[in-house]
Structure formats: C-alpha cells, structure tokens
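In my numbering, the protein residues as written are 333 to 485. Note that beta-carbon positions come from the ideal geometry of N, C-alpha and C, so glycine has one too.
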C-alpha cells in the first residue's frame, strides 16, 4: 500500500529546492558584470578586458563591463603592501589587482581572478593554479569550469 508523503517532508523538499535555486542564482549564473577602477592605466584596463574576452570564449556566463557606478563587480587596486598580485572576494563581489603588477602580468592575474568571479576554485595546474602564473587553460581548469556550471559539458 502506498502511503502519501507527509506534508512536512514535502515542504522541506520545496524549501531545500528554493534555497538551492537561490544559491545557484547568487553564484553568478547571469555572468559577471564588472566595473574597472580608473586608477588602472589604459594598458592595464585593456589587459583585464582581454582576459574577460578569453573567458567569454569558453563560458556560458559572460564577463561584461559597465560604466562607473553600474557594475555588480568592482575591479579595484589591491594594497601595494600586499604580498600577492591579486585576489577575489566573491561575497563582496570584488576583484583586487595590485596596481604595481607589471603590465605584462596583469593579463594572467586578471584571468585567474575573473575565474574566481565566475565561480571557479583553485586547481593544481593551469590558469586557476594558486601558486603559478600561466595563461594556458589546463584540463583541470576546464573540468573545474564545467563542475561549477560556467562551461558547457
């Protein structure tokens, strides 16, 4: 004999579905709409935009740029005394790039930090490796990208 599912369990399942849906929506399924701080030079801004273009070739979540005051994510300078070239803070929707980073490294730093904004975590090899700087997407990068739903299967 089939027994009906109790009402309480159904409500719990619906609540879990709603929470999961909210979490997915907050993870950037709509993409990353950035605003670049004017402190960055034109060359640095161009490198940041180039990094976004390369992510846009791979992902289903676009990285776009908005005029001042209209971006959901801010790309700001990091503290010069900071002992790293950049970092991302997903909860605050901030990407920090050390402004003393040489122009030829800004692209690699932006590529890595935009990956975090898209939802990717660190991997052993590739663009998302925490301890090496590279501009070559690895199989691990792509698996992580697919795993978080930012890249198509």
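Worksheet entry | Cβ neighbours of residue 438 in the same chain (closer than 7 Å, five flanking residues each side left out) | The residue given as residue 438 occupies position 106 in the chain shown. Result list for residue 438: 376, 379, 380 and 429, in chain order.
Worksheet item: Taking buried to mean at least 16 other C-beta atoms within 10 Å of its own C-beta, is residue 458 buried or exposed?
Response: Within the chain shown, numbered from 1, the residue matching residue 458 stands at position 126. Answer is buried; the Cβ neighbour count reaches 16.
Worksheet item: Does DSSP classify residue 367 as helix, strand or coil?
Response: Along the chain shown, read from residue 1 onward, the residue named residue 367 stands at position 35. Looking at residue 367 - three-state DSSP - the assignment turns out to be strand.
Practice prompt. Give the DSSP bridge partners of residue 420, in chain order.
Written response: Within the chain shown, numbered from 1, the residue matching residue 420 stands at position 88. Residue 420 pairs with 427.
Worksheet item: Apart from the five residues just before and just after residue 409, which ones in its own chain have a Cβ nearer than 8 Å to its Cβ?
Response: Mapped onto the chain shown, residue 409 falls at position 77. Closer than 8 Å at the Cβ level, and outside the excluded window around residue 409, lie 369, 371, 372, 428, 429, 430 and 431.
Worksheet item: For residue 358, does the three-state DSSP call read helix, strand or coil?
Response: Start at 1 with the first residue of the chain shown, and residue 358 comes out as number 26. With a pLDDT of 37 at residue 358, under the threshold of 50, the modelled position of that residue is not reliable, and the figure given next carries that caveat. Residue 358: helix per DSSP, three-state reduction.
Worksheet entry | Nearest-angstrom Cα separation, counted from residue 481 out to residue 435 | Taking the first residue of the chain shown as position 1, residue 435 is located at position 103. Taking the first residue of the chain shown as position 1, residue 481 is located at position 149. Distance between the alpha carbons of residue 435 and residue 481 is about 31 Å.
Worksheet item: I think residue 452 touches residue 477, with their Cβ atoms under 8 Å apart; what is that distance to the nearest whole Å?
Response: For this step, residue 452 is matched to residue 120 along the chain shown. For this step, residue 477 is matched to residue 145 along the chain shown. 6 Å between Cβ atoms; contact.
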